Every structure is written in structure tokens, then in C-alpha cells.
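Protein chains in written order, with our numbering: chain L, 208 to 386; chain W, -4 to 205.
A virtual CB, placed ideally from N, CA and C, is assigned to each residue, including glycine.
Predicted model, so just to flag it, every value in this text is computed and none were measured.
Report on the following structure.
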Ligand code: SF4
């Protein structure tokens, strides 16, 4: 693994390697190199299985981090390739030519985060949501509570309790909610 | 199709294209009129109460509770109740938990296709007030804005016994003629439709699904 990572690091300009979990190594790579790196991993290094593609919204830094999780059946190792892209006009190279199932992930990312994958099939179609007309709901600037109350209303009489205080009062009523 | 399709008793069906509009019935539903003789209506109500067929359509996690009812442990068939696979054959729609906007559209379609008499039981806190999905961008918070509810069962999720009790109570209510949800729906159709269209933004079906 380490020799592989050393070689890749120089060839593809990988600028960060971390082992957050013992079984999963993640590499950080520039957007331009990502597709080439993933192709290399798939074709030469045995990472033939795409587990999933997902996105993390780092709104404070103005970036989305895309995570491509790849699996190698040979040595049963899992490798995450992380790519930072700009939050404004978010766009990324499509990898549907490498794995056909990447379409689906890319359609989902487009709908939930508003990330564009030019050339990826059926990008314009609705995926899960039907007729959605607000900003993509998984972006962190989207306030789901406000949206819900405005769109679906609020039932009069519904109250929220602080679970901790509420259960204390329920379980230890004689101690005045203080145990 | 030379018949005049626009009159006071028709729906607009504006979500459909001009071609599609010809394919669907656009008549307005009419409220059910009870028999004029009370004894006959009472008898009819007794018959209705004892012939309940549940539509096999589970919407959220609460509908898990429908399964034990069908099988040996709670066995709902001892009350003469059974599941039916299609809306045309059923009379009870159990809203099994949270309702996403996408599901709401299918629920409306199925409910309108059910033939009267028909009743809705809303199961769990989600249809009542949003439950734990109260802040979701995708699930409705008050089900009775969109379709009339005859019976609520609270809980998250309610036990099968609670659902059984609700069905027993529904039977009693039907016997005394209290379950007029379907009529409320038809009488206030415009109000219900306005609410439905407010959340279902791609309305591409007839205004009333006959
Ligand atoms: S009430 Fe609870 S169990 Fe039922 S659908 Fe809502 S969250 Fe699920």
C-alpha cells in the first residue's frame, strides 16, 4: 500500500494522505487530476469497485468535498479519493464512463447539492424530488425548518421539550427534576 | 369528443396537455346522499362497518405495524377485515406514518380511485403533526390539510393493539354514521385541491382521479 501511495503521490500530485479509519485510506487530489487518478486506480491497481460518491459541504471554506470510495477485491482494501471543488458554480468531471452506476450518484448530487457533471446522462431530470423549485436541499445554507414551516405549516399545540430535562422530570418527579 | 367538456360541474384538469385532457374524465365528484328512510341507512351503515377492506399501501415506517395484524399473532381476519391489493377493491386507507410529498401524490391518486364508502385512518404522529420529521423539507406536517381523516392513532410507532382499537372504534363510528370524511372531501374539494397543489408542484394528473 505504501509504495503504491508514494508512487501515486508524485505522479498525481496527491497533497494529503490520511488514515482516519484503519481500513480506509483517503487521498486528497486536485480536481484536474482526479479522473485520471481514479482511472489509473481502476485499471492498474485493482480498485475495480465504486462503493459510492458523496459530497460534504464545507460552507465555511466555500468548498464542496467530493468523496469517491473505491474498493479492491484483491487485497480487500478501500480507498477514498477526495476532491475539493468550488461551491459557486460547482462543477466536476463526470466519471460515468468508468462506472455506469456513477450516473445515479451524479444525478443525486446534482439534485441535492446542485453540482454539475457535464456530459453525465439524464442530469436534467428529477431524481428523488419532484418539481423542486428551491435551492438544493442538502446545501447547508438551506434552512429546512423554515422551509418546512412555510410550506407544510405547523400544527397548533405541538410543543418540543428538551429531552434531557423532560425525562428527568418524568423519572424523578420528587426531586424537582434534579437528580 | 364533441361533448362540451367545460361546465360548472367539471374540473379544469389544467395539469394535463390538451390531448391528455380528452383521455380523462373531468366530472366533479358528488357527495353521497344517505337513504331517506333512517332504518335503511342504519342497516347500510351496519353493513359498511362489517365489510372493511384495507388498502395494502404502506407509506412510512408505521406501516410495519400492519404486518403483524395480518398474521397469526394479532390476526385481523377474526374481525372480518383483510387487505386488498388495489384501491378499487378497498374501503380503508391506513396512512402508515410519514408522508413525503412524492408519496402524497400517489396517496391522493389512490384515495380518489377508491370507491365509496371509504375511510382514512392516520397512523402515528407523523401524519398528525409532522412527528419527528417536523422539520423535513420533504414530508408534510398536517395530513388533514390534504385529505380528510376519520380516525387518528397516536404513537411513534403505535402498537398493533392501538391500531386494532382504532379499527374497532372506526366500526362503531361508521355504525352511528359519523364517518363522513369522503363527503367532507367532496364538499370542500376546492379547499383540499388548493392545499394539495400548494405542495405538489408538478401536478401532472387529472384534478380528480376517477
Ligand atoms: S410516527 Fe414514528 S414510526 Fe410512524 S412514520 Fe413517523 S417516525 Fe415513523
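Bridge partners of residue i, per DSSP?
i, result
"residue 66 of chain W", "Residue 66 of chain W pairs with nothing; no bridge assigned."
"residue 224 of chain L", "L:234"
"residue 79 of chain W", "W:50"
"residue 223 of chain W", "The question about residue 223 of chain W has no answer, for chain W in this structure spans -4 to 205."
"residue 291 of chain L", "L:272"
"residue 284 of chain L", "L:279"
"residue 264 of chain L", "L:271"
"residue 115 of chain W", "W:88"
"residue 190 of chain L", "The displayed coordinates of chain L run from 208 to 386. Any statement about residue 190 of chain L would go beyond what the structure contains."
"residue 146 of chain W", "W:116"
"residue 298 of chain L", "L:323"
"residue 72 of chain W", "Looking at the DSSP assignment, residue 72 of chain W forms no beta bridge with any residue, so it has no partner."
"residue 259 of chain L", "L:276"
"residue 134 of chain W", "W:95"
In terms of alpha-carbon separation, which member of the options lies closest to residue i?
i, options, result
"residue 254 of chain L", "L:211, L:331 and L:321", "L:211"
"residue 368 of chain L", "L:341, L:377 and L:312", "L:377"
"residue 183 of chain W", "W:13, W:20, W:24 and W:12", "W:24"
"residue 94 of chain W", "W:202, W:61 and W:126", "W:126"
"residue 153 of chain W", "W:72, W:82, W:61 and W:32", "W:61"
"residue 298 of chain L", "L:346, L:238, L:364 and L:213", "L:238"
"residue 352 of chain L", "W:132, W:123, W:74 and W:181", "W:132"
"residue 101 of chain W", "W:53, W:85, W:66 and W:84", "W:53"
"residue 68 of chain W", "W:203, W:155 and W:39", "W:155"
"residue 303 of chain L", "L:354, L:285 and L:326", "L:326"
"residue 124 of chain W", "L:329, L:364 and L:354", "L:364"
"residue 242 of chain L", "L:282, L:335, L:221 and L:348", "L:221"
"residue 142 of chain W", "W:29, W:176 and W:19", "W:176"
"residue 201 of chain W", "W:161, W:103 and W:117", "W:103"
"residue 48 of chain W", "W:72, W:19 and W:194", "W:72"
"residue 357 of chain L", "W:117, W:130 and W:58", "W:130"
"residue 166 of chain W", "W:20, W:11 and W:45", "W:45"
"residue 339 of chain L", "W:195, W:174, W:113 and W:77", "W:195"
"residue 227 of chain L", "L:300, L:248 and L:289", "L:289"
"residue 310 of chain L", "L:251, L:236, L:261 and L:366", "L:261"
"residue 236 of chain L", "L:275, L:229 and L:252", "L:275"
"residue 198 of chain W", "W:172, W:99 and W:50", "W:99"
"residue 88 of chain W", "W:192, W:187, W:146 and W:164", "W:146"
"residue 107 of chain W", "W:38, W:85 and W:37", "W:85"
"residue 347 of chain L", "L:323, L:217, L:263 and L:216", "L:263"
"residue 92 of chain W", "W:66, W:74, W:128 and W:70", "W:128"
"residue 301 of chain L", "L:286, L:308, L:328 and L:324", "L:324"
"residue 205 of chain W", "W:163, W:21 and W:58", "W:21"
"residue 168 of chain W", "W:40, W:57 and W:32", "W:40"
"residue 247 of chain L", "L:375, L:216 and L:350", "L:216"
"residue 232 of chain L", "L:345, L:218 and L:283", "L:283"
"residue 391 of chain L", "L:218, L:345 and L:279", "The shown model of chain L, from 208 to 386, leaves out residue 391 of chain L, and the question about it has no answer."
"residue 214 of chain L", "L:229, L:251 and L:230", "L:251"
"residue 218 of chain L", "L:230, L:229, L:240 and L:330", "L:240"
"residue 190 of chain W", "W:74, W:178 and W:140", "W:140"
Is residue i a contact residue of ligand 3, with contact defined as CB to any heavy atom under 6 Å?
i, result
"residue 368 of chain L", "Within the structure as shown, ligand 3 is missing, the only ligands being ligand 1."
Please look up how many angstroms separate the CB atoms of residue i and residue j, rounded, as I've assumed it's under 8 Å.
i, j, result
"residue 343 of chain L", "residue 359 of chain L", "Wrong, their Cβ atoms sit about 19 Å apart, outside the cutoff."
"residue 224 of chain L", "residue 234 of chain L", "6 Å"
"residue 148 of chain W", "residue 158 of chain W", "6 Å"
"residue 109 of chain W", "residue 82 of chain W", "5 Å"
"residue 137 of chain W", "residue 362 of chain L", "5 Å"
"residue 55 of chain W", "residue 121 of chain W", "6 Å"
"residue 111 of chain W", "residue 30 of chain W", "Actually they are not in contact, since the Cβ atoms of residue 111 of chain W and residue 30 of chain W sit about 14 Å apart, beyond 8 Å."
"residue 305 of chain L", "residue 277 of chain L", "About 10 Å separates the two Cβ atoms, so there is no contact after all."
"residue 117 of chain W", "residue 90 of chain W", "5 Å"
"residue 50 of chain W", "residue 105 of chain W", "7 Å"
"residue 96 of chain W", "residue 135 of chain W", "7 Å"
"residue 203 of chain W", "residue 6 of chain W", "5 Å"
#### Entry: Check your reading: residues with Cβ closer than 6 Å to ligand 1 heavy atoms
W:55, W:56, W:57, W:92, W:93, W:119, W:120, W:121, W:126, W:127, W:151 and W:152
### Query
Between the stretch 262 to 276 of chain L and the stretch 289 to 308 of chain L, do three or more beta carbon pairs fall short of 8 Å?
yes
### Task
Decide if the stretch 327 to 346 of chain L is in contact with the stretch 308 to 315 of chain L; the criterion is three or more beta carbon pairs, one per stretch, under 8 Å apart.
yes
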